[in-house]
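Notes for the one structure printed next.
Numbering (our numbering), first residue to last: 163 to 465.
Structure follows, in structure tokens:
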């Protein structure tokens, strides 16, 4: 009897599916890229990342940026949209410049989307075919947009236009939330959609989720896999635009970046878990209204 039990244990162990190297790459690649990026940032900005620099910058503003990062990531991870729109709207309303806001959001997103992609992979929320179709076009659009904002466009001039753009995104979010009985349709021109979403995300500091996720959900795609896949592709999009901002505009406002990173990374696993647990409709409407209010506040300073 004892021998039979041992044989059963051996056989049951042998039947356990081994995780393939390809599947492990979905975790290995984000981790390697993020560790390399963090090492580069610390090396190039040692004074700011040293203990004295950290303590000197640890104040009420820093805590506000952490809270913005937590809230924005909870919104993005559960709705598949809204990180850039939410965090940028808060930062602009708080008085942070468009260039620092957009660059800060995208550098922070390199970490938060990496954590989000790993979390969604862990909970089985990713459609790999959809990720591959969105990835390269999205990266191209984000690089072009980031280059224009860093080296060509004056951020202060476009600040009111970004606020108007954020209001438009909020209206899209609310409109998608109010739709009933969405009929599933085949999504055509995914590459065009991803390129446009990546470009507007880089220029406006947000838009990848509201443009790409809302379009795919509006076509009747499964919310769980759509949100997980768009978030996974967003890691590459954010990484590309963040690197572009670093190359052409440099790193400014490290308090904003570090606060958003800490808040976003902490909230990413919880958001991935809650993706199927929350009532999406009231959450989307509330986020849309919040973005409109914040954007109107930014606009009022220019009128």
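Idealized CB from N, CA, C, for every residue including glycine. Please read all numbers here as calculations on a predicted model, not as lab measurements.
For residue i, the three-state DSSP class (helix, strand or coil)
i: residue 307; result: helix
i: residue 450; result: helix
i: residue 341; result: coil
i: residue 439; result: coil
i: residue 290; result: helix
i: residue 351; result: coil
i: residue 323; result: helix
i: residue 272; result: helix
i: residue 285; result: coil
Minimum Cβ-Cβ distance from residue i to chain C less than 9 Å
i: residue 451; result: The structure shown contains no chain C, having only a single protein chain.
Alpha carbon of residue i to alpha carbon of residue j, nearest angstrom
i: residue 376; j: residue 242; result: 8 Å
i: residue 431; j: residue 309; result: 31 Å
i: residue 197; j: residue 420; result: 15 Å
i: residue 261; j: residue 319; result: 11 Å
i: residue 458; j: residue 257; result: 13 Å
i: residue 280; j: residue 451; result: 30 Å
i: residue 435; j: residue 454; result: 27 Å
i: residue 179; j: residue 394; result: Residue placement at residue 179 is poorly supported in this model, since its pLDDT is 48, which falls under 50; the coordinates still yield a value, given next. Rounded to the nearest angstrom, the two C-alpha atoms are 24 Å apart.
i: residue 339; j: residue 228; result: 28 Å
i: residue 361; j: residue 369; result: 9 Å
i: residue 194; j: residue 381; result: 35 Å
i: residue 423; j: residue 290; result: 26 Å
i: residue 237; j: residue 447; result: 12 Å
i: residue 363; j: residue 265; result: 11 Å
i: residue 350; j: residue 372; result: 18 Å
i: residue 306; j: residue 396; result: 16 Å
i: residue 383; j: residue 292; result: 11 Å
i: residue 171; j: residue 285; result: Since pLDDT at residue 171 reaches only 48, below the 50 mark, its modelled position is unreliable, and no value is offered.
Supposed close pair residue i, residue j - CB separation, criterion 8 Å
i: residue 359; j: residue 300; result: 6 Å
i: residue 437; j: residue 386; result: 6 Å
i: residue 352; j: residue 296; result: 6 Å
i: residue 390; j: residue 268; result: Not really, about 21 Å apart at Cβ, beyond 8 Å.
i: residue 365; j: residue 311; result: 5 Å
i: residue 255; j: residue 461; result: Not quite, the Cβ-Cβ distance comes to about 10 Å (not below 8 Å), so this is no contact.
i: residue 313; j: residue 410; result: 5 Å
i: residue 235; j: residue 425; result: 7 Å
i: residue 273; j: residue 427; result: 6 Å
i: residue 392; j: residue 374; result: 5 Å
i: residue 324; j: residue 244; result: Going by Cβ atoms, the distance from residue 324 to residue 244 rounds to 15 Å, so no, they are not a contact pair.
i: residue 250; j: residue 263; result: 5 Å
Residue i: CB within 8 Å of a non-hydrogen atom of the ligand FAD
i: residue 311; result: With respect to the ligand FAD, the structure shown offers nothing to examine, as it has no ligands at all.
- [ ] May I have a chain-ordered list of the alpha helix (DSSP H) segments no shorter than 4 residues that lie completely inside the segment 359 to 445?
- [x] 376 to 380, 385 to 411 and 416 to 436
Task: Entirely enclosed alpha helix (DSSP H) segments - the segment 230 to 281, minimum 4 residues - done: 245 to 256
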